[in-house]
Every structure is written in structure tokens, then in C-alpha cells.
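Q: Quick note on the UniProt record's numbering: the sequence shown kicks off at 1 and runs consecutively. C-beta: ideal position from N, C-alpha, C; glycine also. The structure presented is a predicted model; accordingly, all values stated were derived computationally and were not measured.
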Amino acid sequence: MIFSTRANPPQPHFLQILLLSFLKVPVMSILFMLYNLVAKQILKNIMLRTVGMNHSSLENTILHVEKPLEETPHPIFRQILEGESQDTMFKRRRRFKRNPLPGFFVTRGGHSCTYGPAKVIDHATGMLEVRVNCRYERTKTYMCVFQGNPKRCRAYVADQSIYWRQVQDLLAKKHHACAGKPLLDVSICKSESKDSLLKQIYASEKPPPMQQKEKPKDKKKPKGMKKSKEYCGKMWNRFCNFFVNLWHN
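(1) Tell me, which residues are paired with residue 180 by DSSP?
(2) Alpha carbons only, please: which of 110, 115 and 111 is nearest the one belonging to residue 104?
(3) Touching or not, the region 111-128 and the region 140-154, by the rule of three or more beta carbon pairs under 8 Å?
(4) Under a Cβ-count criterion, where at least 16 other Cβ atoms within 10 Å of its own Cβ denotes burial, should residue 139 be classed as buried or exposed?
(5) Based on DSSP bridge pairs, tell me the residues matched to residue 137.
(6) Assuming contact is defined by CB atoms lying nearer than 9 Å, are residue 172 and residue 144 in contact in what I supplied?
(7) Using the beta-carbon count (16 or more within 10 Å), is residue 118 buried or exposed?
(8) Can the beta-carbon of residue 142 be found closer than 9 Å to that of residue 112?
(9) Between the C-alpha atoms of residue 107 and residue 45, what's the straight-line distance to the nearest angstrom?
(10) For residue 35, count neighbouring C-beta atoms within 10 Å of its own C-beta (all shown protein chains included) and say buried if the count is 16 or more, exposed if not.
(11) Looking only at its chain, what residues have a beta carbon closer than 8 Å to the beta carbon of residue 192, apart from the 5 residues adjacent to it on each side?
(12) Between residue 245 and residue 181, what straight-line distance do the alpha-carbon atoms span, to the nearest angstrom?
(13) If you follow the alpha helix (DSSP H) that residue 158 is part of, which residue opens it and which one closes it?
(14) By how many angstroms is the C-alpha of residue 157 removed from the C-alpha of residue 204?
(15) Cβ of residue 250 within 9 Å of Cβ of residue 163?
(16) What is the DSSP secondary structure of residue 185, reduced to helix, strand or coil?
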């Protein structure tokens, strides 16, 4: 009979198995969180390199932030506002009506306009100033300035994006962005103070007056027709009309 000289390996204790199983769960969760953070940072860097912006320029593209107003528009707006035909303007208006871009709109007259970001002119009261710049017929430009205190509107404090979207829609409905009523009646703030609405205080050019359509003048019927209706019935109107006109002429 042959006996084996190899000793059996020691079996792990039950407490050791239980401890390892408890340690495995938090370690795996920590590793998963670290993986997510690293993956998000790598993805963010790839997106920034693809768009060609740094963090500061990316923040400046977010409109309606209360920062000092920049004199020059963002590069994306500068490309859009380059000279183009009237047909292209109307096509782009239909496209942006379906997919609106914040801070940019096209009026009913085909004027390409940009606005914002808002500039704080009085920190004590929270008064804001918004400048609207427009271009039409390739080379002609104009601008207008609006002021208001939207912080007095509770709906603005709750969600600023809805307020600015309605301002954009009101301006886009105009033929000329600086024409019409100076007060922008935003529906979500109509019940609030009028100071919360933006009011136009300046315009670089006077909008052209709206051309009123002339009413068509009523064609005067010849006197012979009136006389024929007086003397003749419906059945003999044509026959009688001939003799009446012959008599008066």
C-alpha cells in the first residue's frame, strides 16, 4: 500500500471568506466611480478640442448670463451674419424657427439679429440692459437697446430660459426688430410689475413706415344700368337695357 507524503493545503476559515466578500463590494464600487470620472474628463477634453474652444470661451457662449456686454459677436454669429441673399435669409428663418438657436433670430423681414448677453447696469436694483444687433440686405445694419428688471418677475427667477425665449419670439415676430411697441410684453410676467418687462430706450435708425394698402375704389356703374333696373324686370333686363341706353345716349 502506497501512502502520499504531500500534505493537504489548509482550508480557509469561514470568517476569512465572509470578510473578503464584504471587502470586495466597496472596492468594486470605488473603482467604478473612478472609472466614470476619468472617462467623463477624457470625453470633455475631446469635445473641447473638436470644437476648438477653451473653458472660458465655452462659458462665454452661454447667453443671458449677467456679464459685461461684448462689442463683437461670437464667431458662430459672425459667420451667420455674413452677406447673403434675401432668399437665403428666409430659408434660414424657417430653419431656425424649427430649431431655434439661443441669442440669434431672424425677423419676418429676413433681418439676421443677435442679442445678449445681458449687462447689469445697476447692481442695487438689478437693472439689465440688452443690445440687439441686426443686419439686412448684406451691408445694412442697425441696433437697439432694451432695459428692464426681470428679477422682479417670479417666473424669471424660477426659470430664466423661458423668459428669454419669449423675448426672442416677440422680436422675431416683428418685420423690423426695433419697430413696433417699445415694451416687450412677455406673457409669463404680464401679471407682475411693468419694470420686469424689457423696454426699448434707443434705436440707431428709425424703422421704415409700414406701407398701407390702398383700398380699391368702387367702380361706378353707368347711369344707364340704374335706369334699366328701374324700368325693366329681371326677365327682360338685357333686352330693355339696350333701349334704355340707346334713349339716354
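A: Quick look at the numbers:
(1) Residue numbering aside, residue 180 sits at position 180 when the sequence shown is read from its first letter. Note: residue 180 sits in no beta bridge, so no partner.
(2) Numbered from 1 along the sequence shown, position 104 holds the residue referred to as residue 104. For the residues 110, 115 and 111, the minimum Cα distance to residue 104 belongs to 115.
(3) Remark: three or more beta-carbon pairs, one from each stretch, lie closer than 8 Å, so the region 111-128 and the region 140-154 are flagged as touching.
(4) Here residue 139 is taken as the residue at index 139 of the sequence shown, counted from 1. Of the other Cβ atoms in all chains shown, fewer than 16 fall within 10 Å of the Cβ of residue 139; this residue is therefore exposed.
(5) For the purposes of this step, residue 137 is identified with residue 137 of the sequence shown, where counting begins at 1. In the DSSP output, where bridge partners are listed per residue, residue 137 has none listed.
(6) Taking the first residue of the sequence shown as 1, we reach residue 172 at position 172. Taking the first residue of the sequence shown as 1, we reach residue 144 at position 144. No; because the gap between Cβ atoms is not below 9 Å, this pair is not in contact.
(7) Reading the sequence shown from its first residue, position 118 is the one you call residue 118. With 16 or more other Cβ atoms within 10 Å, it is buried.
(8) For this step, residue 142 is matched to residue 142 along the sequence shown. For this step, residue 112 is matched to residue 112 along the sequence shown. In this structure, residue 142 sits away from residue 112, with a CB-CB distance that is not shorter than 9 Å.
(9) Along the sequence shown, read from residue 1 onward, the residue named residue 107 stands at position 107. Along the sequence shown, read from residue 1 onward, the residue named residue 45 stands at position 45. Cα atoms of residue 107 and residue 45: separation of roughly 37 Å, rounded to the nearest angstrom.
(10) Translated into the one-based positions of the sequence shown, residue 35 becomes position 35. Label assigned to residue 35: exposed.
(11) As a working note, residue 192 is residue 192 in the sequence shown. Excluding the 5 residues flanking it on each side, residue 192 has same chain C-beta neighbours closer than 8 Å at 152, 153, 154 and 155, in chain order.
(12) For this step, residue 245 is matched to residue 245 along the sequence shown. For this step, residue 181 is matched to residue 181 along the sequence shown. One C-alpha to the other measures close to 56 Å.
(13) Within the sequence shown, numbered from 1, the residue matching residue 158 stands at position 158. 154-158 is the extent of the alpha helix (DSSP H) around residue 158.
(14) Here residue 204 corresponds to residue number 204 of the sequence shown, with the count starting at 1. Here residue 157 corresponds to residue number 157 of the sequence shown, with the count starting at 1. C-alpha separation (whole angstroms): 31 Å.
(15) What is shown of the chain runs 1 to 249, which leaves residue 250 out entirely.
(16) Mapped onto the sequence shown, residue 185 falls at position 185. For residue 185, the three-state secondary structure derived from DSSP is coil.
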